[in-house]
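Note sheet for the following structure.
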Amino acid sequence: MAKAQGASLDRKKLMGDPIMVTTIVLLITFLTLFILYPLAILLVDSFVGDGTFGLSVFKRIFQMPDFTRAITNTLKVGFVVGILSTAIGLLFAYVEVYVKMNKGVGGLFKLVSMLPVVSPPFVLSLSMIMLFGKSGLITRFLLGIYDNNVYGYWGIVIVQTLTFFPVCYMMMKGLLKNIDPSLEEASRDMGATRWKVFRDVTLPLLLPGLGNAFLVTFIESIADFANPMLIGGSYDTLATTIYLQITGAYDKAGAAAMAVVLLLITLAMFAVQKYYLEKKTAATLTGKASRARMMIEDKSVKIPLTIFCTISAIFVIMMYICVPIGALFPTWGYKFTPLTFKWFEQVFTKYRGLEAFRDSFVLSLIAAPITALLSMIISYLVVKRKFKAKGFIEAVSMLAMAVPGTVLGVGYIRGFSGGIFHTGFLQGLYGTGAILVIVFIVRSLPTGTRSGISALRQIDKSIEESAYDMGANSLKVFTTVTLPLIKDSFLSGLVTAFVRSITAISAIILLVTPSYLLITVQINEFAEKGAFSIACAFATILIIITYGSVLLMNFIIKHFGTSRKVKEVEQE
Amino acid sequence: MSGKSAKEPKGVRLDHISKIYKNPKTGKDFYAVHDVVLDIEPGSFVTLLGPSGCGKTTTLRMIAGFESPDEGEIYLGGEPINELTPNKRDTAMVFQSYALFPHYNVFDNVAYGLKLRKVPANEIKERVTNILKLVELSDMEQRMTNQLSGGQQQRVALARALVVEPGVLLFDEPLSNLDAKLRVQMRTEIRRIQQALGITAIYVTHDQSEAMAISDNIILMKSGVIAQMGSPTEIYYHPNSEFVADFIGECNFLPCTVNGREGADVLCRVYGHPVKVRSDTDKMGEAEIVLRPEAIEIADEGQLPCKVELSCFMGSYQNYHVRVGDTLVKIADNCPIGKKVFNVGDDAYISFRSECSHLLET
Numbered sequence: 073m074a075k076a077q078g079a080s081l082d083r084k085k086l087m088g089d090p091i092m093v094t095t096i097v098l099l100i101t102f103l104t105l106f107i108l109y110p111l112a113i114l115l116v117d118s119f120v121g122d123g124t125f126g127l128s129v130f131k132r133i134f135q136m137p138d139f140t141r142a143i144t145n146t147l148k149v150g151f152v153v154g155i156l157s158t159a160i161g162l163l164f165a166y167v168e169v170y171v172k173m174n175k176g177v178g179g180l181f182k183l184v185s186m187l188p189v190v191s192p193p194f195v196l197s198l199s200m201i202m203l204f205g206k207s208g209l210i211t212r213f214l215l216g217i218y219d220n221n222v223y224g225y226w227g228i229v230i231v232q233t234l235t236f237f238p239v240c241y242m243m244m245k246g247l248l249k250n251i252d253p254s255l256e257e258a259s260r261d262m263g264a265t266r267w268k269v270f271r272d273v274t275l276p277l278l279l280p281g282l283g284n285a286f287l288v289t290f291i292e293s294i295a296d297f298a299n300p301m302l303i304g305g306s307y308d309t310l311a312t313t314i315y316l317q318i319t320g321a322y323d324k325a326g327a328a329a330m331a332v333v334l335l336l337i338t339l340a341m342f343a344v345q346k347y348y349l350e351k352k353t354a355a356t357l358t359g360k361a362s363r364a365r366m367m368i369e370d371k372s373v374k375i376p377l378t379i380f381c382t383i384s385a386i387f388v389i390m391m392y393i394c395v396p397i398g399a400l401f402p403t404w405g406y407k408f409t410p411l412t413f414k415w416f417e418q419v420f421t422k423y424r425g426l427e428a429f430r431d432s433f434v435l436s437l438i439a440a441p442i443t444a445l446l447s448m449i450i451s452y453l454v455v456k457r458k459f460k461a462k463g464f465i466e467a468v469s470m471l472a473m474a475v476p477g478t479v480l481g482v483g484y485i486r487g488f489s490g491g492i493f494h495t496g497f498l499q500g501l502y503g504t505g506a507i508l509v510i511v512f513i514v515r516s517l518p519t520g521t522r523s524g525i526s527a528l529r530q531i532d533k534s535i536e537e538s539a540y541d542m543g544a545n546s547l548k549v550f551t552t553v554t555l556p557l558i559k560d561s562f563l564s565g566l567v568t569a570f571v572r573s574i575t576a577i578s579a580i581i582l583l584v585t586p587s588y589l590l591i592t593v594q595i596n597e598f599a600e601k602g603a604f605s606i607a608c609a610f611a612t613i614l615i616i617i618t619y620g621s622v623l624l625m626n627f628i629i630k631h632f633g634t635s636r637k638v639k640e641v642e643q644e
Numbered sequence: 017m018s019g020k021s022a023k024e025p026k027g028v029r030l031d032h033i034s035k036i037y038k039n040p041k042t043g044k045d046f047y048a049v050h051d052v053v054l055d056i057e058p059g060s061f062v063t064l065l066g067p068s069g070c071g072k073t074t075t076l077r078m079i080a081g082f083e084s085p086d087e088g089e090i091y092l093g094g095e096p097i098n099e100l101t102p103n104k105r106d107t108a109m110v111f112q113s114y115a116l117f118p119h120y121n122v123f124d125n126v127a128y129g130l131k132l133r134k135v136p137a138n139e140i141k142e143r144v145t146n147i148l149k150l151v152e153l154s155d156m157e158q159r160m161t162n163q164l165s166g167g168q169q170q171r172v173a174l175a176r177a178l179v180v181e182p183g184v185l186l187f188d189e190p191l192s193n194l195d196a197k198l199r200v201q202m203r204t205e206i207r208r209i210q211q212a213l214g215i216t217a218i219y220v221t222h223d224q225s226e227a228m229a230i231s232d233n234i235i236l237m238k239s240g241v242i243a244q245m246g247s248p249t250e251i252y253y254h255p256n257s258e259f260v261a262d263f264i265g266e267c268n269f270l271p272c273t274v275n276g277r278e279g280a281d282v283l284c285r286v287y288g289h290p291v292k293v294r295s296d297t298d299k300m301g302e303a304e305i306v307l308r309p310e311a312i313e314i315a316d317e318g319q320l321p322c323k324v325e326l327s328c329f330m331g332s333y334q335n336y337h338v339r340v341g342d343t344l345v346k347i348a349d350n351c352p353i354g355k356k357v358f359n360v361g362d363d364a365y366i367s368f369r370s371e372c373s374h375l376l377e378t
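Sequence lines, in order, name chains A and B. Numbering-wise, the first sequence is residues 73 to 644 according to the working numbering. Numbering-wise, the second sequence is residues 17 to 378 according to the working numbering.
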C-alpha cells in the first residue's frame, strides 16, 4: 500500500493555491523568527555565554544565593496563589451557579470578573500600597498602624490572588454549568446531605478542572513581573531577578540562563496543563445540563456564602476604585480635601503624558488588528485545512502562551540587539517601534488563536467545503464565509489584543528605548519612586481607555455582529 | 481545465480508484476504498449505497476533490481531474448538514456560486428566481436560512448546487436529517428535478429504500469495494451475495440441492421437497435459494411444509415467521384482509413462483 499518490496530489492541490502557500510560508517565517528564534538564542547564550560551550553559566547562576532564593520564592508564591485563587474562584462560581442570589450580588460578581481584564497589571499593587502601606489609608488613618509593611511575600500573594482569582472563577463557572443537575439530584434523592453531594459528586467531577485552574494560575503567577516588581520589595521572584540581572548587573549570559530556567518551569507546567488536565476536564464533563438546576434557597447555606462573597467582591472593587480616587486627592496620605484635578493636569503638562498615551495608543492600535487577523488565519488553517506544517504552526502559537514576558524580553534583547545570531542582520529592527509592535502581537497571539479555534470548531466543516466546492478559492472562502462567521470572535480578539498591548509591561520594559514613552512603563516608574498620585492619574486614564474600548466592542458586537440576525430569530 | 459553466451533463469515470487511511487505533494503513472501477453515464442517477464505513462517502469526496485518490485516476467528462482542487472541478455538492451560509439569506446563498463566476447581476437575479421556483421556494428569497424548516433548507441547498449548472451533481446523504415522511417527499422531488434538468447525479445513502426509489443504477459497496452494481430491480431480485441480498430489504436463504434443469429454471430439493428456482447456473449440488418475504405465499397447501412460530398483524401485511426444516423463513403476506390467518403452532405450506426466486451458489 502506498499513499504516495494521494499525498503528492494533496501537495499539488496546495501548490496550485498560491495565496495559501504564501500565507503559510509567511506565517512560519514570522513564528520562527519572533517566537522560536528568541528562545533558541537564549539557549545558545546560556551554553556558550562565557566563551566556551558548557554548563559554566548555569553553574555560575546556581551559585548565586539571590537566584536560588528567587526560585524558591517564585515557586512558593505560585503554589500559594494557585491554591488561594482556585479556592476563592470555586466559591464564587459555586455561589453563582448553585445559590439563589439577588441580582445586585450577581452584578458585583460580573464587575469583579471584568475588572482585571481591563486594568493594567499593577493596579492592585498600587492600591494595596496606598491602602495598607506605611502611609496607607486604612492602616494608618483608620487603624492607626504606622509601621505596616505590605512589601514582600504576603503583599505579592494577596495582590496576585486578587488579580488571578477572577480567571479561576470564570473557568469554574463554565465547568459547574456543564454538570448535569440530575447527577446531584440522584445523590440527594438517595439521602445525601448537601455537603455530601458536594463532596462525593460535584467535587470529584470538578477535580481535573480544579487542577487545571490551579496550574493556569500558577503559570500566571510565576510569569508575573509587574506585581513583584512593585510590591515585592526585597522579596525577589525569578521575573524580577532576571530583569535586575540584565538592567542592573548587565550580565546578559546570566540573565539568559535564568530565563531558560524560568521557561523550563513554565513549559513543564504548561505541558501538564495542556496535554493532561485539559483533556481530563473535557472527559469528565461532557454532558450539557439537561435542564435548569434547582437553586439552593436554604438560608443556612445562602446567607453565609453570599455575605462572604459579597464582602470579598466589594473589597476587590474598592481596591480598584482606590486608584482613580487616589488621583483626585491633593496629597495621598496627608491631605484629602479639596479633591483636585492637578495630578491629571500634571500628567499632561509636566510628565509628557500626551506623548506617552499617543505612543502606547498608536503602537497598540497597530498591533491589535494584525494580531486579530493573524490569529483568525492561524485558527482557520489549524481547524479547517490539512497540510504538513500545520502541527508546527499550532504548536508554536500555543508555545507562546507558556513563555513569560520577561523571558521573551530577554530573548529579544539577545536575539535582535546585535542582529540575527549577533551577525548584524536585521539589527535595524532593535529599538524601533516595530519590534514593540511585534512583541505586542506575539504576547496576544495565543489568546486570540485559542478563541478563534474554539469559535471555528463550532462551525460545521461542510459550510466552508461547500463554498470551496462552489468555486471559491482559499482567500474567497476565508473572506466571504469563515471571517463573517467568526466576526464576533475577531472583534473580541481585536479588543483583547488592544487591551493586552496597551497594558503590557513585562517584555516591553526590557525593550523600550527612550524614543518611546509607554504609559505602563511610566506608571511603573512613578510608582517605584513613590509618586503614587501621578501614577494613579496615569493608571486612571489608562483604565478609562481600556474600559471604553471594551464597551465599544460590546456595542459593536451587539449591533453589527454576525450572530445578530441569527440570535434575533432564535429569540422569536 | 474544465470550465464551470457546462450545460451538458458529464459522465464520470473512476479508473481503479483507491484511498488508504490510517486506522487511528492500530496505526495500520487500510483501504477505505479499494480498486473501484466505475463508469457513470451522462445524465444518469447513480447511488452509492452501503453500510457506514463502506467507502461511499470517501468515493464521493474524491470525485468532489476534497480527498485525493492514492491509486487510480478520476475522469470528469473525459478529462482527468485528479490534480484539480474542488473549486476548479465542475461539480456541485449537496451536503448532509445542508451547509448553508448562515450569514446570507436564501437569495444570497443560491447566488453565491454565480457571483464567484462573475455572472452579471441581472442574469443572477433571473437564474436564482428560476431555480427557486423549481424547488418551490419562490416567496422565501429574503428569509435567513435559520428561519426555514429542515425540508426548506434542503431545497435551498439543492437550488444552490443546481443554479451553477454543474457537470455532475453530488449528494452526500442529503435527506438523513429529515423526518421519515419528508424524506420520502424530498427524494421524489430530487428525482423529478434531476430528470427535468437531465443532469448527472451521484447520490450517497445508507438507506436502501431511498436508493431503490431514486436511482437508475445502484452501486452497493462493502469495506471499500463494490459488492454489486446494477439497476434497482437487478440488485433486488438478483443479488450476487448474501450481503447484497440481506442489505437490500429483508431476505430468506433456504439451503437446497440443485439436481436438474427445466427451461429457465433449475430443479432443486429443499429438505427433500422439490421446488423450481429461476437461474442460469449449470452447476449441480449445494446452493441457497434467495427469497423475498413478500414473494412467499402461505396456505393450507403448497410446496414446502412449515410450522408457524410468529404471526403478527402489521396493517398492510401479516407478518409470519415459519420454520421450514431447520430454517427460519420470514413472510410478509400482503393485504391480509379476507385471507386465512394462521396462528402460532399451526402447520401450513409455503410456495413461491420461480421467477420471484434467485439462486446463490455456495
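Note that the Cβ used here is the ideal one computed from N, Cα and C, for glycine as well.
Does DSSP classify Met300/B as helix, strand or coil? DSSP places Met300/B in coil when its eight states are reduced to three.
Is the Cβ of Asn98/B closer than 9 Å to any Cβ of chain A? yes
Pick from Ile535/A, Lys249/A, Ala607/A and Ala328/A: whose alpha carbon is nearest that of Met109/B? Considering only alpha carbons, the answer is Ile535/A.
Cα-Cα, which of Arg308/B, Ala348/B and Pro255/B is closest to Val380/B? Outside the shown range of chain B, which is 17 to 378, sits residue 380/B, and nothing can be said about it.
Got a sec: is the Cβ-Cβ distance from Val222/A to anything in chain B below 9 Å? no
Alpha carbon of Phe82/B to alpha carbon of Thr249/B, nearest angstrom: Computed Cα separation, rounded: 33 Å.
Which residues in the same chain have their Cβ closer than 6 Å to the Cβ of Ala331/A, if we skip the five residues on either side of it in sequence? Leu114, Ile314, Val479 and Val482
Using a Cβ cut-off of 9 Å, pull out every chain B residue sitting near Leu557/A, in sequence order please. For Leu557/A, the chain B residues whose Cβ falls inside 9 Å of its Cβ are Phe117, Pro118 and His119, in order along the chain.
To the nearest angstrom, report how far apart Tyr225/A and Ala544/A are at their CA atoms. 59 Å
Sequence-distant residues of its chain with Cβ nearer than 6 Å to Leu376/B (five each side left out): For Leu376/B, where only same-chain residues beyond five positions count, the Cβ hits under 6 Å are Glu304 and Val306.
Name the chain B residues that come within less than 7 Å of Val553/A, Cβ to Cβ? Phe117
Top-ranked residue by Cα proximity to Leu270/B, from Pro352/B, His289/B and Tyr252/B: Closest option to Leu270/B, Cα to Cα, is His289/B.
Determine, for Gly129/B, whether the minimum Cβ-Cβ distance to residues of chain A falls below 9 Å. Answer yes: the Cβ-Cβ gap between Gly129/B and chain A drops below 9 Å somewhere.
Do the region 379-388 of chain A and the region 579-598 of chain A make contact, defined as three or more Cβ pairs closer than 8 Å? no
Is the shortest distance between the beta-carbon of Ser538/A and the beta-carbons of chain B less than 9 Å? yes
Measuring CA to CA, which of Arg133/B, Ile90/B and Thr221/B is closest to Phe61/B? The shortest Cα separation from Phe61/B among Arg133/B, Ile90/B and Thr221/B belongs to Thr221/B.
Please name the residue, chosen from Ala48/B, Glu205/B and Pro309/B, that lies closest to Pro40/B on a Cα-to-Cα basis. Ala48/B
Is Pro280/A helix, strand or coil when you go by DSSP? helix
Our contact map puts Arg203/B next to Ala229/B with C-beta atoms below 8 Å; I'd like the distance itself, whole angstroms only. 6 Å
Contacts that Ser239/B makes with chain A (C-beta to C-beta distance below 8 Å): Near Ser239/B there are no residues of chain A at all, since even the closest Cβ is about 15 Å away, more than 8 Å.
Extent of the continuous alpha helix (DSSP H) run through Asn626/A: Phe604 to Phe632
Residues bridged to Gln244/B (per DSSP): Leu236/B
Please identify the residue among Ala298/A, Ala399/A and Arg529/A whose C-alpha is closest to the C-alpha of Glu597/A. Ala298/A
According to the Cβ coordinates, are Val468/A and Leu528/A closer than 9 Å? If you check the CB distance, Val468/A and Leu528/A do not come in under 9 Å.
DSSP beta-bridge partners of Pro96/B: Tyr91/B
State yes or no: is the beta carbon of Asp560/A nearer than 9 Å to at least one beta carbon in chain B? no
From Phe164/A, Gly602/A, Leu209/A and Thr146/A, residue whose alpha carbon lies closest to that of Met243/A: Phe164/A
Determine which residues share a DSSP beta bridge with Met330/A and list them. Its beta-bridge partners do not exist; DSSP assigns none.
Close Cβ partners of His254/B (< 6 Å) along its chain, the five nearest in sequence each way excluded: His374
Closer than 9 Å, Cβ to Cβ, to anything on chain B: give me those residues from the region 333-348 of chain A, in chain order. Within the region 333-348 of chain A, no residue qualifies.
Below-9 Å beta-carbon distance, Pro190/B vs any chain A residue: no
Distance, Leu116/B Cα to Asn125/B Cα: 7 Å
Roughly how far, in whole angstroms, is the beta-carbon of Val161/A from the beta-carbon of Cys240/A, given that I think they are within contact range, below 8 Å? Looking at the sequence shown, residue 161/A is not Val but Gly. Correct: roughly 3 Å between the Cβ atoms.
Quick check on Tyr252/B: does DSSP put it in helix, strand or coil? helix
Beta strand (DSSP E) segment containing Val274/B, residue limits: Unbroken beta strand (DSSP E) run through Val274/B: Asn268 to Glu278.
beta-carbon Asp232/B near the ligand FMN non-hydrogen atom, thresh 8 Å: Looking for the ligand FMN in the displayed structure turns up nothing, as the structure carries no ligands at all.
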